[in-house]
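Reminder that position 921 of the sequence shown reads as 921 in the UniProt record's numbering, one-by-one numbering, no gaps.
To start, the structure itself, in structure tokens.
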Amino acid sequence: MAAVERGYKRWYESAFCRRGRVLADRAAKHVALGGKWQSPYSLDATTIVLEDGGSRLTGRVRSSLYPEIKFALDVRVHEDGVVRVRMDEQDGLRKRYDEAASWALLKEPVLSPSLRWCVGKQEAKVVYGEGEQVEVIVGFEPLVVRMKMDGEEQVVLNCQGLLHMEHFREKVESKDGGIPIAEGQETQRFIQFPQNSWFEGDTEDGFWEETWGSWTDTKPKGPESLSLDINFPRHGHVYGIPQHATHLDLPTTRGEGAVFSDPYRLYNNDVYKYPVSASGLSLYGSIPLIHAHSADSTVAVFVAVASETWIDVAHPTKDSTETHWMSESGILDVFLLPGPTPDQVFGQYARLTGPVQLPPHWSLAYHQCRWNYVSSDDIRSVQKRFDEEDIPVDVFWLDIGYSEDYKYMTWNKDRFPDPTDMIKDVEARARKMVIIVDPHLKRTQDYPVYKEAQELDVLVKDKYEDEFEGSCWSGNSAWIDFFNPNSWEWYKSLYKFNGREDDKWSWVESTDAVHIWNDMNEPAIFYGPESTMEKDSVHHGGWEHRDVHNIYGMLFAKTTSQAVKERTAPHKRPFVLTRSFYAGAQRFAAMWTGDNLGTWEHMAVGVSMVLSNNIAGMNFAGSDVGGFFGNPEPEMLTRWYFVGAFSPFFRAHAKLGTERREPYLAAEPYKSIIRDIIRLRYSLLPVWYTAFRESSVTGLPVARPQYVVLPKNEPGFSIDDQYYIGASGLLVKPITEAGVAKTTIYIGEDQVYYDFYDGHAFRGSAEGKTVTVPAPLERGPLLIRGGSILPSRERPRSSSPLMKHDPFTLKVALSQSGCASGELYLDDGESYDHREGDFVWRGFFAKSTEKTVSISSEDLALKNLDRAVDGVKLATYNGGNAFANILNGVQVERIIVIGLKNKPSKAALGNTDLEFTFEDGISAVGRREGLASKLTIENPCVLITSDWEVVLDL
Ligand code: NOJ
Numbered sequence: 001m002a003a004v005e006r007g008y009k010r011w012y013e014s015a016f017c018r019r020g021r022v023l024a025d026r027a028a029k030h031v032a033l034g035g036k037w038q039s040p041y042s043l044d045a046t047t048i049v050l051e052d053g054g055s056r057l058t059g060r061v062r063s064s065l066y067p068e069i070k071f072a073l074d075v076r077v078h079e080d081g082v083v084r085v086r087m088d089e090q091d092g093l094r095k096r097y098d099e100a101a102s103w104a105l106l107k108e109p110v111l112s113p114s115l116r117w118c119v120g121k122q123e124a125k126v127v128y129g130e131g132e133q134v135e136v137i138v139g140f141e142p143l144v145v146r147m148k149m150d151g152e153e154q155v156v157l158n159c160q161g162l163l164h165m166e167h168f169r170e171k172v173e174s175k176d177g178g179i180p181i182a183e184g185q186e187t188q189r190f191i192q193f194p195q196n197s198w199f200e201g202d203t204e205d206g207f208w209e210e211t212w213g214s215w216t217d218t219k220p221k222g223p224e225s226l227s228l229d230i231n232f233p234r235h236g237h238v239y240g241i242p243q244h245a246t247h248l249d250l251p252t253t254r255g256e257g258a259v260f261s262d263p264y265r266l267y268n269n270d271v272y273k274y275p276v277s278a279s280g281l282s283l284y285g286s287i288p289l290i291h292a293h294s295a296d297s298t299v300a301v302f303v304a305v306a307s308e309t310w311i312d313v314a315h316p317t318k319d320s321t322e323t324h325w326m327s328e329s330g331i332l333d334v335f336l337l338p339g340p341t342p343d344q345v346f347g348q349y350a351r352l353t354g355p356v357q358l359p360p361h362w363s364l365a366y367h368q369c370r371w372n373y374v375s376s377d378d379i380r381s382v383q384k385r386f387d388e389e390d391i392p393v394d395v396f397w398l399d400i401g402y403s404e405d406y407k408y409m410t411w412n413k414d415r416f417p418d419p420t421d422m423i424k425d426v427e428a429r430a431r432k433m434v435i436i437v438d439p440h441l442k443r444t445q446d447y448p449v450y451k452e453a454q455e456l457d458v459l460v461k462d463k464y465e466d467e468f469e470g471s472c473w474s475g476n477s478a479w480i481d482f483f484n485p486n487s488w489e490w491y492k493s494l495y496k497f498n499g500r501e502d503d504k505w506s507w508v509e510s511t512d513a514v515h516i517w518n519d520m521n522e523p524a525i526f527y528g529p530e531s532t533m534e535k536d537s538v539h540h541g542g543w544e545h546r547d548v549h550n551i552y553g554m555l556f557a558k559t560t561s562q563a564v565k566e567r568t569a570p571h572k573r574p575f576v577l578t579r580s581f582y583a584g585a586q587r588f589a590a591m592w593t594g595d596n597l598g599t600w601e602h603m604a605v606g607v608s609m610v611l612s613n614n615i616a617g618m619n620f621a622g623s624d625v626g627g628f629f630g631n632p633e634p635e636m637l638t639r640w641y642f643v644g645a646f647s648p649f650f651r652a653h654a655k656l657g658t659e660r661r662e663p664y665l666a667a668e669p670y671k672s673i674i675r676d677i678i679r680l681r682y683s684l685l686p687v688w689y690t691a692f693r694e695s696s697v698t699g700l701p702v703a704r705p706q707y708v709v710l711p712k713n714e715p716g717f718s719i720d721d722q723y724y725i726g727a728s729g730l731l732v733k734p735i736t737e738a739g740v741a742k743t744t745i746y747i748g749e750d751q752v753y754y755d756f757y758d759g760h761a762f763r764g765s766a767e768g769k770t771v772t773v774p775a776p777l778e779r780g781p782l783l784i785r786g787g788s789i790l791p792s793r794e795r796p797r798s799s800s801p802l803m804k805h806d807p808f809t810l811k812v813a814l815s816q817s818g819c820a821s822g823e824l825y826l827d828d829g830e831s832y833d834h835r836e837g838d839f840v841w842r843g844f845f846a847k848s849t850e851k852t853v854s855i856s857s858e859d860l861a862l863k864n865l866d867r868a869v870d871g872v873k874l875a876t877y878n879g880g881n882a883f884a885n886i887l888n889g890v891q892v893e894r895i896i897v898i899g900l901k902n903k904p905s906k907a908a909l910g911n912t913d914l915e916f917t918f919e920d921g922i923s924a925v926g927r928r929e930g931l932a933s934k935l936t937i938e939n940p941c942v943l944i945t946s947d948w949e950v951v952l953d954l
């Protein structure tokens, strides 16, 4: 593959990974030979201090390898039960980077106020939680941390004894290289030679310098890598640590039958044409969060580290998992999330790193992108063609070609002579634009952004402390150092379209309809080592790039998102798309899966990658519809539109030089089918927005894999080609193969599911059952889970803001017990007024008795006044708020009930009889499959914002 040809490191080409893996090998071999591998690290019980009222235990750790080196251990229990374990070298020769968590975390976590560690001779222990079910035990010799739930071990740190924090040391020029271990002499060797040689290896492998290809990484600080085993003795499935182009249920990298030979790597890289399901090759973003799951519980571990990290995954048995984390630098800062359900894990992670920001409503609609739309008139004619063909679209994108010589925020005036007018033409159709801004600055004094950055001294430095120079689209370039606080206000001021008070340059030819796309922010550097920045480059505070690499892209997106927000008054919600990300980036930006290929396998892996990002907090995720590279044939393009329409982020994009493929160019029947797919997305925007609102409050993913929704149903744990949309009950399985007319969908519960299009009822079973559903091009497989009520808006419009006052359809899909419920959240979609209580949050309920079915609407906010919405207590809410008043008069124009057992004799709203039609079919109750009955009430005369009840007499 091209990506591999261009060169990314294999595990054995990263010295610290080599050292870490070799350590694991020695340990395993030693145990296999009957030895006992014991970690050299122990906690000195005499140094233990209980702080913060007892919720925090600190103490001194020593390693028998280097008794003179001191390490400080700090174990804290947060208010919500999350445990944080930190270890750092104390009074060392140099300092380790300890700021990864501060970038990732939303705020400093609150410690539990009322815990008491109990310190014994061999261990310290703390017990908490409802019914005291959680137990955290710190074993002293060796140092081991265990988290138990109801007496069962859930997560164990260092039980394999692979913990190793390489201490800072002076470089000693000549060193006895030691005697290599001869094959078969391990046990003997262990007895005869000092333990540190056995533990660390005989030679200093890449301690002070490392060469890879033509690159030499000088390592002025010497070795400081970290190795830690994190084991899940009761969990046979692990998910997360995005981003990798592979399955959600992570394939193994170690042990018998390991699927991949390299560990998963977290090192943000620009990897175009990345290979699919071939390895744990690191891609553009990194989130060091892993979920471990079984039918009994879900737990997670978040490792706050920003340097290059490799993670081995093995299943010693089918019901247990061993992971081994190896990072190049930084302190040990590990968060144990006790769960024990997936929903609780999501809540715990969201309290740490923040939930996804509630995106502007329009950003959930369809985005049309291409590298490049070449001129203002190009944009105008694309817009015209969409309108002529009645295809909805909300956003047109400009790639790098808009700028003058890749000096972002400046216009190429030959092609874009009238940028503000062009944007206004787009705005006039209630649409937006997204324009690309990359982090590299063309090094020329006639580029004000570069000049000012240089004057302010906010550019990344090279190892000689000179300005770092590299190459990117703009040729010889410099990079803004977003770790430098002095860059922040300055960078934001560039976005002011009304000019700046100090009369300096700003992006005046822009309006607040323009939002931003941050690309190449890994950072991508042409001809750099692994297409990125040299690790010995220097950032603010003297930190090397190696220490902060995985966070760089997120800080760019963070500053951009603040800039876009702050250019509006009163503030509107910003939209930023970022290619690179780290834990916490969900607070600032959406992401996409980068430069995929227009192939079926890339389409398929995009689905599992979106799921994997979703469970790690990056809910607003999607892949380039159509594939970035290549010219997809019409069938593939059509299927990809369905994939996109059911991804949280829905954008078509194509590389420079590919054939134009805007949907209006497709021949029939593809054009009409694609139009219908996009319209389907628009009709379901209420579902998407409601799902995002829920995520923005609870941290639950928008795209929910099987194990999240049905955590006890084992056969679903590895499924990653079908998923649910929020809590709506929609279950989708995009087709990602050619020539398919039907497919199978797995139903992991004893429930009725209905075909979205015709209401055909399928039955699942408690053990799980696979059903066959039709999947012609015009009917991407989509089921509604019995028990759901879906709000939709069925009137096609050219862009989503035009739907604001459109009436709703409620589709009630009865469950096997004849009930259903659903939610609808609405606000103005762009301001922050919802934080002041300006929103509508409705609950819909269907209840059955022997003789009646009632369908009602209630104000959910009033019922949940003690809860918070997007950071603000609902207490400020009142049902007659300004936004609700704007919606006054918006009707429910249709209620559809699927699965009634018979035709009602009457439908009534209070004393008023309602007309309805009824198509006979099978009932939700029972076990029959086939077309379900369908009742339709047109114009029930009820408002979306009011409480009402419609009663059907059976
Ligand atoms: C790389 C991005 O991944 C791609 O989407 C974009 O079109 C090109 N850079 C050009 O900006």
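The beta-carbon is built from N, C-alpha and C at its ideal position, and this holds for glycine as well.
Any idea what DSSP makes of Gly184, helix, strand or coil? Numbered from 1 along the sequence shown, position 184 holds the residue referred to as residue 184. Residue placement at Gly184 cannot be trusted, given a pLDDT of 44 that sits under 50; the coordinates are not used to answer.
Assuming Thr945 and Leu862 make a contact with CB atoms under 8 Å, what is their CB distance in whole Å? The count along the sequence shown starts at 1 and reaches residue 945 at position 945. The count along the sequence shown starts at 1 and reaches residue 862 at position 862. Distance from Thr945 to Leu862 at the Cβ level is roughly 12 Å; contact not present, criterion being Cβ atoms closer than 8 Å.
Cutting at 6 Å between CB atoms, please list the residues of its own chain near Ser225, excluding the five before and the five after it. What you label residue 225 is simply residue 225 of the sequence shown in a count that begins at 1. Contacts found: Phe16, Glu166 and Glu328.
Any heavy atom of the ligand NOJ closer than 7 Å to the beta-carbon of Phe916? The count along the sequence shown starts at 1 and reaches residue 916 at position 916. No, since every heavy atom of the ligand NOJ falls outside the 7 Å radius drawn around the Cβ of Phe916.
Can you give me the Cβ contacts of Tyr575 inside the same chain, cut-off strictly under 6 Å, excluding the 5 residues immediately before and after it? Working through the sequence shown from its first residue, we reach residue 575 at position 575. Note that residue 575 corresponds to Phe in the displayed sequence, not to Tyr. Cβ within range, chain order: Pro360, Ser363 and His515.
Give me whichever residues DSSP pairs with Val732 in a beta bridge. Taking the sequence shown and counting its residues from 1, the one referred to as residue 732 is at position 732. Answer by DSSP bridge pairing, in chain order: Tyr723 and Leu782.
Using the Cβ count rule (16 or more neighbours within 10 Å means buried), how would you classify Thr917? Residue mapping note: residue 917 aligns to position 917 of the sequence shown, counting from 1. The residue is exposed, with fewer than 16 neighbouring Cβ atoms inside 10 Å.
Quick check: is any heavy atom of the ligand NOJ less than 7 Å from the C-beta of Met520? Here residue 520 refers to the residue found at position 520 when the sequence shown is read from its first residue. True, at least one ligand heavy atom lies under 7 Å from that Cβ.
If you measure from the CB of Arg429, is any heavy atom of the ligand NOJ nearer than 7 Å? Here residue 429 refers to the residue found at position 429 when the sequence shown is read from its first residue. Taking 7 Å as the cut-off, one finds no heavy atom of the ligand NOJ near enough to the beta carbon of Arg429.
Are Thr578 and Asn521 close, meaning C-beta to C-beta below 8 Å? Walking along the sequence shown from the start, residue 578 turns up at place 578. Walking along the sequence shown from the start, residue 521 turns up at place 521. Their beta carbons are under 8 Å apart, which means Thr578 touches Asn521 by this criterion.
Report the rounded CA-to-CA distance for Met554 versus Asp838, giving the unit in angstroms. Within the sequence shown, the letter at position 554 stands for residue 554. Within the sequence shown, the letter at position 838 stands for residue 838. Computed Cα separation, rounded: 30 Å.
For Glu152, which beta-bridge partners are listed by DSSP? Taking the first residue of the sequence shown as 1, we reach residue 152 at position 152. Answer is Met149, bridged to Glu152.
Residues near Ser800 by beta carbon distance below 7 Å, same chain, minus five either side: Reading the sequence shown from its first residue, position 800 is the one you call residue 800. So the list reads His361, Trp362, Ala365, Asp394, Tyr682 and Leu685, once near-sequence residues are dropped.
If distances are taken between C-alpha atoms only, which option among Arg779, Ala907, Lys769 and Phe581 comes closest to Ser672? As a working mapping, residue 672 is identified with position 672 in the sequence shown. Per the Cα distances, Arg779.
Rounded straight-line distance, which links the Cα of Ser854 to that of Leu909: As a first step, residue 909 is located in the sequence shown; it is residue number 909 there, counting from the start. As a first step, residue 854 is located in the sequence shown; it is residue number 854 there, counting from the start. Taking the straight line from one Cα to the other gives about 10 Å.
What number of angstroms, rounded off, separates the C-alpha of Ala645 from the C-alpha of Ile677? On the sequence shown, residue 645 is found 645 positions in, with the first residue counted as 1. On the sequence shown, residue 677 is found 677 positions in, with the first residue counted as 1. For Ala645 and Ile677, the distance between alpha carbons rounds to 7 Å.
Quick one: using the 10 Å Cβ neighbour count with 16 as the cut-off for buried, is Lys934 buried or exposed? Here the question's residue 934 lines up with position 934 in the sequence shown. Counting the other CB atoms within 10 Å of its CB gives Lys934 a total of 16 or more, which places it among the buried residues.
Going by beta carbon distance, what residues of the same chain come within less than 7 Å of Leu782, once the five residues before and after it are set aside? The residue labelled residue 782 in the question sits at position 782 within the sequence shown. Leaving aside the five residues that flank Leu782 on each side, the residues in its chain whose CB is nearer than 7 Å to its CB run, in chain order, Leu730, Val732 and Phe756.
Assign Leu814 to buried or exposed, taking buried as 16 or more other Cβ atoms, counted over all protein chains shown, within 10 Å of its Cβ. On the sequence shown, residue 814 is found 814 positions in, with the first residue counted as 1. Buried, because 16 or more other Cβ atoms sit within 10 Å of the Cβ of Leu814.
Return the bridge partner residues of Trp208 from the DSSP annotation. The residue you call residue 208 lines up with position 208 of the sequence shown. Looking at the DSSP output, Trp208 bridges to nothing.
Examine the ligand NOJ and report whether any of its heavy atoms sits within less than 7 Å of the Cβ of Arg651. What you label residue 651 is simply residue 651 of the sequence shown in a count that begins at 1. Flag unset: Cβ of Arg651 not near the ligand NOJ.
Buried or exposed by the 16-neighbour rule on C-beta atoms within 10 Å, applied to Asn619: Reading the sequence shown from its first residue, position 619 is the one you call residue 619. The residue in question, Asn619, is buried, as its Cβ has 16 or more Cβ neighbours within 10 Å.
Give me the DSSP bridge partner(s) of Pro791. Against the sequence shown, residue 791 aligns to sequence position 791. Answer is Leu810, bridged to Pro791.
Going straight from the alpha carbon of Pro529 to that of Gly930, what length do you get? Taking the first residue of the sequence shown as position 1, residue 529 is located at position 529. Taking the first residue of the sequence shown as position 1, residue 930 is located at position 930. Straight-line Cα distance between these residues: approximately 59 Å.
Given the structure, does Asp399 come close to the ligand ATP, in the sense that its CB is under 7 Å from one of the ligand's heavy atoms? Annotation note on the ligand ATP: not contained in the displayed structure, which lists the ligand NOJ as its ligands.
Spatial distance of Val605 from His30 (CA atoms): Numbered from its first residue, the sequence shown carries residue 605 at position 605. Numbered from its first residue, the sequence shown carries residue 30 at position 30. Cα-Cα distance, rounded: 39 Å.
Within its chain, find whatever has a CB closer than 8 Å to the CB of Ala738; leave out the 5 residues flanking it on each side and keep chain order. Here residue 738 refers to the residue found at position 738 when the sequence shown is read from its first residue. These residues qualify, in order along the chain: Trp600, Glu635 and Met636.
Determine the direct distance from the alpha carbon of Val77 to that of Gly54, and round the result to whole angstroms. In the sequence shown, counting from the first residue as 1, residue 54 sits at position 54. In the sequence shown, counting from the first residue as 1, residue 77 sits at position 77. Spanning the two alpha carbons is a distance of roughly 9 Å.
Should Ser375 and Lys461 be called a contact, given that it needs their Cβ atoms to be closer than 8 Å? In the sequence shown, counting from the first residue as 1, residue 375 sits at position 375. In the sequence shown, counting from the first residue as 1, residue 461 sits at position 461. No, the Cβ-Cβ distance between Ser375 and Lys461 is not below 8 Å.
Buried versus exposed, by CB contacts within 10 Å (16 or more), Lys742: Here the question's residue 742 lines up with position 742 in the sequence shown. By the 10 Å Cβ count, Lys742 comes out exposed.
Quick one: is the Cβ of Gly594 within less than 7 Å of any heavy atom of the ligand NOJ? Residue mapping note: residue 594 aligns to position 594 of the sequence shown, counting from 1. Gly594: yes, Cβ under 7 Å from the ligand NOJ.
Of the residues Ile735, Asp377 and Val771, the one placed nearest Val752, counting alpha carbons only: Here the question's residue 752 lines up with position 752 in the sequence shown. Comparing alpha carbon positions, the residue from Ile735, Asp377 and Val771 closest to Val752 is Val771.
In the structure shown, what three-state DSSP assignment does Tyr753 receive? Counting from 1 along the sequence shown, the entry for residue 753 is found at position 753. In this structure, Tyr753 counts as strand in the three-state DSSP scheme.
Does the Cβ-Cβ distance between Val85 and Val334 come in under 8 Å? If you number the sequence shown from 1, residue 85 lands on position 85. If you number the sequence shown from 1, residue 334 lands on position 334. Yes, Cβ-Cβ distance for Val85 and Val334 is below 8 Å.
Is any heavy atom in the ligand NOJ found nearer than 7 Å to the beta carbon of Trp371? Residue 371 sits at position 371 when you count from the first residue of the sequence shown. Distances from the CB of Trp371 to the heavy atoms of the ligand NOJ include at least one below 7 Å.
Run through DSSP, which three-state label would Trp517 get? By 1-based counting over the sequence shown, the position of residue 517 is 517. If DSSP states are grouped into helix, strand and coil, Trp517 belongs with the strands.
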